[in-house]
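Student: Residue numbers (my numbering), protein chains in the order written: chain A, 3 to 527; chain B, 803 to 1142. Just so it is clear, CB atoms sit at the ideal spot from N, CA and C, and this is done for glycine as well. Please see the structure below; I have some questions.
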């Protein structure tokens, strides 16, 4: 009797399990959307508020920009009908807009909508200073022509117009959000329409009335997990279809790459947009001496650091602009020459009885920074222990950013991603200075970057480049980099390429030139 | 009657002290956040924004006002039940908390349930047969789970049960691709049941298992040790000996005489654990991508989002105080000897 009762319980339990697994299978079968995972929450979908890569990634699928940059580095129109017409004095940009484009709410995209969006960004956008520094006013010239009035001639404005932050939003839907953020909704012109929004998961589906090439998938579920291990595990267990590389630890990147080599996953790689570098404070002893900074530039073994820290996934870098913007090989910073570093330091009275001590600060919440600091310290100990000693100091990133302009750090490891795909977006934030005294920046970007290094020639070239175009502009910006390399206030270390991995039944992820996955090209095989 | 009066007085005094305590806590948080290095403007704009943009945002966020004005404004808003707006998203802090807190409470309830079942069972069985196999296992289990670093245990369970065996999802609160049910209580499992959405009930339940099992097992060690030690002490009391000498069955002695007397420490330890879990289990929430209040607090601290940090701390403190009062009341009812 007892056995029979036990059997019944066992059967019931099995029944529950079977139902559960059936449900789970049904769920698997129902998966129509492609699940894309990335690290961190998305707090707001307002383009005026967006400043994280994951948010820009999603916005790039929901909205369009006026222009994009192709693989050759040239501007091409998207929502614009043609390239901007620049007035003779360089102060006016007339942008003709495409017609017959609808917003997700069914209203028409025109110059009024574009003006609304640009004005809104200039008023409430968290990065509005990027625009406000350059733009005087925005006007409607015709129903489908918008005019941008500049404060001074600027060529980088064209690249700025490729920024997804400037994607147009429907004035009709944002009427109550003219002066405040609309965090949970997005009504734009992009290939996808927002179906649901939660800070941890967003669902987008194909927009039937999209004017351009339709998405190859029905929709995307964009999920946000909090750490690298969970993201890695989620792809391994096939809980997600695509994994975006932001915040994936280097060890796990290598494991994923191995799976690609074993033909278990697909992977796609974009142009590098993030650079990692060390900033030296150039206005105080001992690093106010350029020869010492030069010696430090010769002392770093980038190849070794890249291998030790990232198993070679982070490419060694000898410039402060990602290589695709140079169009051809350009690496003005010196290569690893420890003997030359020793000679220079000896000339300055070090190495015999005096050892140069460099306190190196790293952001304690960035694992790669800590590994870089430890590896460089050990490499210096191996190669130049008679001349240099590196002491380490880990500080949380928010505190580092706050104390940078206060000159709190002799040497600090940082990274930078340009706000738009242009060399200027890398050079100006590190080198620009509005008040220079004896090669020291008193006011300007170089103060915020913590180097305090400035050079009149660099500033002059940066200003000139705004009025130049094409190859001349590029040459001028290369010259800026050359001077910066001679100043040795920054020590570029590596490049980080955006990467994504997908399951075998999903197509290989493709990247746009701004380092974002083209979500509409993902398809289930 | 007099003990009831005493209890009533005690509760009144605790409730009277609650606002004072909250004032002290909120003031401390306010001051500490301002002393801490870092700036919400930096967190929002990055370091590259020019001085004009920084100043504009500072004015917009009300950070340009003198600190004392900010403090009184904050206290005034707090008195009116207004926790302010997030500096980062401009979303009301109340809304942010109302989304994250139920997630933490849901996890805490399930973890305590797991911890109680496992911990008290092991502790009880160990006490029934001291020095037996179960008792020995219970001791090792107790020490082991107490000594395990939570993040390591969480990662281990994640690798074994989610990645290698594939029995449970790796993280999150509900399956990817499924939209969350309309929030009524904020407790997803409960809301899915209310919505009679069987897929969602299954999805939320299966996502809840691994984090709550991990947290529950980690807590069960303390539970098992507590009941084991208390039972041991009670079993050596005279009235137990007397019961034995009267020839009462051992199982009856355990269940009717010894066990009810361990209720007090059980209630206390369960209550204390619940209080500590109201603020979320940060490492578990991070490892399992559980969108709870601890994860929210950590992110708010990183972004120097003052109103969110202040709001979360005030709400959690209030809940902890209220819970501890409830436990005191329960203890007073269970054991009339307890005086206040």
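(1) Under 7 Å Cβ to Cβ from residue 249 of chain A, same chain only, skipping five residues before and after it: list those, please.
(2) What did DSSP end up calling residue 318 of chain A once you bin it into helix, strand or coil?
(3) Using alpha carbons as the reference points, say which of A:487, A:243, A:365 lies closest to residue 417 of chain A.
(4) Indicate the three-state DSSP secondary structure (helix, strand or coil) for residue 235 of chain A in the structure shown.
(5) Any contact of the stretch 994-1006 of chain B with the stretch 1039-1048 of chain B, i.e. 3+ C-beta pairs under 8 Å?
(6) At a cut of 8 Å, does the stretch 1103-1118 of chain B reach the stretch 894-909 of chain B through at least three beta carbon pairs?
(7) On the criterion of 16 or more Cβ atoms from any shown chain inside 10 Å, does residue 405 of chain A qualify as buried, or is it exposed?
(8) Within the continuous beta strand (DSSP E) that includes residue 361 of chain A, where are the two ends?
(9) When Cβ atoms are compared, which residues of the stretch 174-193 of chain A fall closer than 8 Å to chain B?
(10) Please return the same chain residues whose Cβ sits closer than 8 Å to the Cβ of residue 201 of chain A, not counting the five positions on each side in sequence.
(11) Can you grab the Cα-Cα spacing for the pair residue 98 of chain A / residue 79 of chain A, in whole Å?
(12) Could you please tell me which residues of the stretch 889-902 of chain B, in chain order, have their CB closer than 8 Å to any CB of chain A?
(13) At the 8 Å Cβ level, is residue 803 of chain B part of the contact set with chain A, yes or no?
(14) Do residue 505 of chain A and residue 243 of chain A have their beta-carbon atoms positioned less than 8 Å apart in this structure?
(15) Would you report the Cα separation of residue 31 of chain A and residue 267 of chain A, rounded to the nearest angstrom?
(16) What residues from the stretch 1094-1110 of chain B come within 8 Å of chain A, judged by C-beta to C-beta, listed N to C?
(17) Using alpha carbons as the reference points, say which of A:278, A:219, A:330, A:332 lies closest to residue 308 of chain A.
(18) Between which two residues does the alpha helix (DSSP H) containing residue 1130 of chain B stretch?
(19) Nearest CA to the CA of residue 1006 of chain B: which residue from B:902, B:1132, B:980?
(20) Beta-carbon separation of residue 964 of chain B and residue 1012 of chain B under 8 Å?
(21) What's the gap between the Cα of residue 1054 of chain B and the Cα of residue 950 of chain B?
(22) Between residue 955 of chain B and chain A, is any beta-carbon pair separated by less than 8 Å?
(23) Residue range of the beta strand (DSSP E) that residue 1080 of chain B falls in?
(24) Rounded to the nearest angstrom, what separates residue 437 of chain A and residue 445 of chain A at their Cα positions?
(25) Whose CA, out of A:175, A:373, A:320, lies closest to the CA of residue 312 of chain A?
(26) Assign residue 403 of chain A to buried or exposed, taking buried as 16 or more other Cβ atoms, counted over all protein chains shown, within 10 Å of its Cβ.
(27) Can you check DSSP and say which residues form a bridge with residue 395 of chain A?
(28) For residue 1027 of chain B, count neighbouring Cβ atoms within 10 angstroms of its own Cβ and tell me buried if that reaches 16, exposed if not.
(29) Hey, would you say residue 246 of chain A sits closer than 8 Å to residue 106 of chain A, going by beta carbons?
(30) Helix, strand or coil for residue 99 of chain A per DSSP?
(31) If I measure Cβ to Cβ from residue 121 of chain A and keep anything under 7 Å in the same chain, skipping five residues before and after, which residues do I get?
(32) Mind checking whether residue 284 of chain A and residue 410 of chain A have CB atoms under 8 Å apart?
(33) Considering only residues of the stretch 318-348 of chain A, which uninterrupted alpha helix (DSSP H) runs meet the minimum length of 4 residues and lie entirely inside it, listed in chain order?
(34) So residue 1096 of chain B and residue 1083 of chain B are in contact, right, with Cβ under 8 Å, and what is the actual spacing, rounded?
(35) Does the Cβ of residue 527 of chain A have 16 or more other Cβ atoms within 10 Å, making it buried, or fewer, making it exposed?
(36) Contact check, residue 64 of chain A vs residue 52 of chain A under 8 Å by CB: the rounded distance?
Tutor: Reading from the atomic positions:
(1) Taking the first residue of the first chain as 1, we reach residue 249 of chain A at position 247. Only 41, 42, 230 meet the Cβ criterion.
(2) The residue you call residue 318 of chain A lines up with position 316 of the first chain. Strand, per DSSP.
(3) Residue numbering aside, residue 417 of chain A sits at position 415 when the first chain is read from its first letter. Considering only alpha carbons, the answer is A:365.
(4) Working through the first chain from its first residue, we reach residue 235 of chain A at position 233. The three-state reading of DSSP puts residue 235 of chain A in helix, counting H, G and I together.
(5) The stretch 994-1006 of chain B is not in contact with the stretch 1039-1048 of chain B.
(6) Yes: at least three Cβ pairs fall under 8 Å.
(7) Position 403 of the first chain holds residue 405 of chain A. Counting the other Cβ atoms within 10 Å of the Cβ of residue 405 of chain A gives 16 or more, which makes it buried.
(8) Position 359 of the first chain holds residue 361 of chain A. Start and end: 358-365.
(9) Identification of residues in the stretch 174-193 of chain A having a C-beta nearer than 8 Å to some C-beta of chain B yields 182, 183, 185, given in sequence order.
(10) Position 199 of the first chain, counting from 1, holds the residue named residue 201 of chain A. Excluding sequence neighbours, residue 201 of chain A sits near 43, 44, 45, 226.
(11) For the purposes of this step, residue 98 of chain A is taken as residue 96 along the first chain, with counting starting at 1. For the purposes of this step, residue 79 of chain A is taken as residue 77 along the first chain, with counting starting at 1. Approximately 10 Å between the Cα atoms of the pair.
(12) Those residues of the stretch 889-902 of chain B placed with their C-beta closer than 8 Å to a C-beta in chain A are 890, 891, 892, 893, 901, ordered along the chain.
(13) In the second chain, counting from the first residue as 1, residue 803 of chain B sits at position 1. Residue placement at residue 803 of chain B is flagged as unreliable, the pLDDT there being 47, under the threshold of 50; the coordinate-derived value follows with that caveat. No - not a single Cβ of chain A is within 8 Å of the one on residue 803 of chain B.
(14) Mapped onto the first chain, residue 243 of chain A falls at position 241. Mapped onto the first chain, residue 505 of chain A falls at position 503. Residue 505 of chain A sits close to residue 243 of chain A, with the two beta carbons spaced by under 8 Å.
(15) The sequence position of residue 31 of chain A within the first chain is 29, counting from 1. The sequence position of residue 267 of chain A within the first chain is 265, counting from 1. Summary for residue 31 of chain A: the model assigns pLDDT 46, below 50, so the residue's position carries little reliability; its value from the coordinates is reported in the next sentence. Each residue's alpha carbon lies about 20 Å from the other.
(16) If the cut-off is 8 Å between Cβ atoms, the stretch 1094-1110 of chain B has 1097, 1101, 1104, 1105, 1106 near chain A.
(17) Locating residue 308 of chain A in the first chain gives position 306, counting from the first residue. Checking every option, the nearest Cα to that of residue 308 of chain A belongs to A:278.
(18) The residue given as residue 1130 of chain B occupies position 328 in the second chain. Per DSSP, residue 1130 of chain B belongs to the alpha helix (DSSP H) from 1108-1136.
(19) As a working note, residue 1006 of chain B is residue 204 in the second chain. Measuring C-alpha to C-alpha distances from residue 1006 of chain B to each of B:902, B:1132, B:980 identifies B:980 as the nearest.
(20) Counting from 1 along the second chain, the entry for residue 964 of chain B is found at position 162. Counting from 1 along the second chain, the entry for residue 1012 of chain B is found at position 210. Taking 8 Å as the cut-off, the Cβ atoms of residue 964 of chain B and residue 1012 of chain B count as close.
(21) Counted from its first residue, the second chain places residue 1054 of chain B at position 252. Counted from its first residue, the second chain places residue 950 of chain B at position 148. Rounded to whole angstroms, the gap between the alpha carbons of residue 1054 of chain B and residue 950 of chain B is 36 Å.
(22) As a position in the second chain, residue 955 of chain B is number 153, starting the count at 1. Answer no: the Cβ-Cβ gap between residue 955 of chain B and chain A never drops below 8 Å.
(23) Taking the second chain and counting its residues from 1, the one referred to as residue 1080 of chain B is at position 278. For residue 1080 of chain B, there is no enclosing beta strand (DSSP E); the residue is part of the alpha helix (DSSP H) that begins and ends at 1065-1080.
(24) One-based indexing of the first chain puts residue 437 of chain A at position 435. One-based indexing of the first chain puts residue 445 of chain A at position 443. Computed Cα separation, rounded: 5 Å.
(25) As a position in the first chain, residue 312 of chain A is number 310, starting the count at 1. It is A:373.
(26) For the purposes of this step, residue 403 of chain A is identified with residue 401 of the first chain, where counting begins at 1. By the Cβ-count criterion, residue 403 of chain A is buried, with 16 or more other Cβ atoms from all chains shown falling within 10 Å of its own Cβ.
(27) Numbered from 1 along the first chain, position 393 holds the residue referred to as residue 395 of chain A. According to DSSP, residue 395 of chain A bridges with A:363.
(28) Walking along the second chain from the start, residue 1027 of chain B turns up at place 225. Per the 10 Å Cβ criterion, buried.
(29) Taking the first chain and counting its residues from 1, one reaches residue 246 of chain A at position 244. Taking the first chain and counting its residues from 1, one reaches residue 106 of chain A at position 104. Their beta carbons are not under 8 Å apart, which means residue 246 of chain A does not touch residue 106 of chain A by this criterion.
(30) Stepping through the first chain from its first residue, residue 99 of chain A is reached at position 97. Strand at residue 99 of chain A.
(31) The residue given as residue 121 of chain A occupies position 119 in the first chain. So the qualifying residues of the chain are 140.
(32) Counted from its first residue, the first chain places residue 284 of chain A at position 282. Counted from its first residue, the first chain places residue 410 of chain A at position 408. No; because the gap between Cβ atoms is not below 8 Å, this pair is not in contact.
(33) Counting whole runs of 4 or more residues, the stretch 318-348 of chain A contains no alpha helix (DSSP H) stretch at all.
(34) Position 294 of the second chain holds residue 1096 of chain B. Position 281 of the second chain holds residue 1083 of chain B. The Cβ separation is near 6 Å, so the contact holds.
(35) Taking the first chain and counting its residues from 1, the one referred to as residue 527 of chain A is at position 525. Counting C-beta atoms within 10 angstroms of its own C-beta, residue 527 of chain A has fewer than 16 neighbours from the protein chains shown and is therefore classed as exposed.
(36) If you number the first chain from 1, residue 64 of chain A lands on position 62. If you number the first chain from 1, residue 52 of chain A lands on position 50. Not confirmed; about 11 Å, so no contact.
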